[in-house]
Amino acid sequence: MEIAATVETLAARDFHGPLTGRRVIVTSGPTHEPIDPVRYIANRSSGKQGHAIAEAAAQAGADVTLVSGPVNLPDPPGVKTVHVESARDMLVAVEKALPADVAIFAAAVADWRVAQADSQKIKKAAGGAPELSLTENPDILATVAHKTAKRPQLVIGFAAETEKVVEHAKAKLNSKGCDWIIANDVSAKSGVMGGEDNTVHLVTGSGVESWPKQSKDDVARQLITRVAAAIAGQLQ
Ligand code: CTP
Numbered sequence: 011m012e013i014a015a016t017v018e019t020l021a022a023r024d025f026h027g028p029l030t031g032r033r034v035i036v037t038s039g040p041t042h043e044p045i046d047p048v049r050y051i052a053n054r055s056s057g058k059q060g061h062a063i064a065e066a067a068a069q070a071g072a073d074v075t076l077v078s079g080p081v082n083l084p085d086p087p088g089v090k091t092v093h094v095e096s097a098r099d100m101l102v103a104v105e106k107a108l109p110a111d112v113a114i115f116a117a118a119v120a121d122w123r124v125a126q127a128d129s130q131k132i133k134k135a136a137g138g139a140p141e142l143s144l145t146e147n148p149d150i151l152a153t154v155a156h157k158t159a160k161r162p163q164l165v166i167g168f169a170a171e172t173e174k175v176v177e178h179a180k181a182k183l184n185s186k187g188c189d190w191i192i193a194n195d196v197s198a199k200s201g202v203m204g205g206e207d208n209t210v211h212l213v214t215g216s217g218v219e220s221w222p223k224q225s226k227d228d229v230a231r232q233l234i235t236r237v238a239a240a241i242a243g244q245l246q
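Each residue of the sequence shown is one higher than the last, beginning at 11 in the numbering used here.
Structure (structure tokens):
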């Protein structure tokens, strides 16, 4: 069983692809932030876009580590997948996967967690609903982008926005300290959360490119083609 899985894993990688010899880290999916042993805070991310990016990078020959929150997707072939639950676990797994040439942060990380998760199930009490005190999670993308040692050559974030998509993405490019931002409209009308298609804008230091609506697999392939070109350019 294990041998078969290894053969399948290697078969999914093109060892002559443009990212051969490169290490790529991808984050994907939501995070789950515990309230107590049976309840958690989460979001609607399916992980489809991040998983597609990890698979496309492996198909291009990269040595890929995918750090995934809880999703209902199989591990992509050719990719080393690390399963995590919370934002803090995701940060630990990403730091463990460094160094890398490229890091792509597609996960919808929960911004907040319950400051003190209960070790027992919180019981319904006569006094009414419990008050949850929230505290901010670490920003994984900003932490990696601001590293002085082990910063990947190319750090790419996503900007999930429901309005003023490009404007907010440009602000995030600066505040997070990353090199590129993939901006996408995640408003209910876009259908992107859980859907098969995505409409994105690539925001870099030199401008904004709006890509046509396409499948998440095609967005992933187009992004990886751009990544490979950028990495090759930096080597010349
Ligand atoms: N991100 C991260 N760690 C966090 C929050 C976000 O690594 N704690 C990354 C996401 O993976 C994404 C980028 O930061 O690449 C932007 O995420 P997004 O949810 O759009 O923005 P936020 O930073 O959460 O800001 P806001 O919720 O105010 O839009």
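For every residue, glycine included, the Cβ atom is placed at its ideal position computed from N, Cα and C.
Owing to the predicted nature of the structure, the values given are computational and were not obtained by experimental measurement.
Measuring CA to CA, which of the options is closest to residue i?
{"i": "A230", "options": "V89, H61, A169", "result": "H61"}
{"i": "G167", "options": "S185, N208, I192, A107", "result": "I192"}
{"i": "D99", "options": "T41, S200, A238, V165", "result": "T41"}
{"i": "K226", "options": "R32, K199, P28, S38", "result": "S38"}
{"i": "G88", "options": "A64, W122, N184", "result": "A64"}
{"i": "Q224", "options": "E206, S55, K160", "result": "E206"}
{"i": "A242", "options": "P80, Q232, A103, D111", "result": "D111"}
Could you tell me the distance, in whole angstroms, from the CA atom of residue i to the CA atom of residue j?
{"i": "K182", "j": "A136", "result": "44 Å"}
{"i": "I114", "j": "I234", "result": "10 Å"}
{"i": "A67", "j": "V34", "result": "7 Å"}
{"i": "E105", "j": "R23", "result": "24 Å"}
{"i": "N82", "j": "Q59", "result": "13 Å"}
{"i": "A125", "j": "H26", "result": "48 Å"}
{"i": "K90", "j": "T214", "result": "28 Å"}
{"i": "L108", "j": "L76", "result": "12 Å"}
Using a Cβ-Cβ cutoff of less than 8 Å, which residues in the same chain neighbour residue i once the five nearest sequence positions on both sides are dropped?
{"i": "D195", "result": "E171, T172, V175, V202, T209"}
{"i": "K186", "result": "D149, L151, A152, A155, G167"}
{"i": "G71", "result": "R23, D24, F25, H26, G27, P28, L29, T30, G31, R32"}
Could you check how far apart the C-beta atoms of residue i and residue j are, in whole angstroms? I think they sit under 8 Å.
{"i": "D46", "j": "A120", "result": "Actually they are not in contact, since the Cβ atoms of D46 and A120 sit about 16 Å apart, beyond 8 Å."}
{"i": "L164", "j": "D189", "result": "5 Å"}
{"i": "E146", "j": "W122", "result": "6 Å"}
Using C-beta distances below 7 Å, list every residue in its chain close to residue i, excluding the 5 sequence neighbours before and after it, in chain order.
{"i": "E219", "result": "H211, L212"}
So, at 6 Å on beta carbons, what are the nonlocal neighbours of residue i in its own chain, with the 5 sequence-adjacent residues on each side left out?
{"i": "M11", "result": "Confidence at M11 is low in this model, with a pLDDT of 44, below 50, so the placement of that residue should be treated as unreliable; the coordinate-derived value is given next. Closer than 6 Å at Cβ, skipping near neighbours: no residue."}
{"i": "L142", "result": "V124"}
{"i": "P86", "result": "H61, A64, E65"}
{"i": "A101", "result": "In the sequence as displayed, the identity of residue 101 is Leu instead of Ala. Excluding positions up to five away in sequence, the list reads P148, I150."}
{"i": "I51", "result": "E43, A120"}
{"i": "I132", "result": "D46, P140"}
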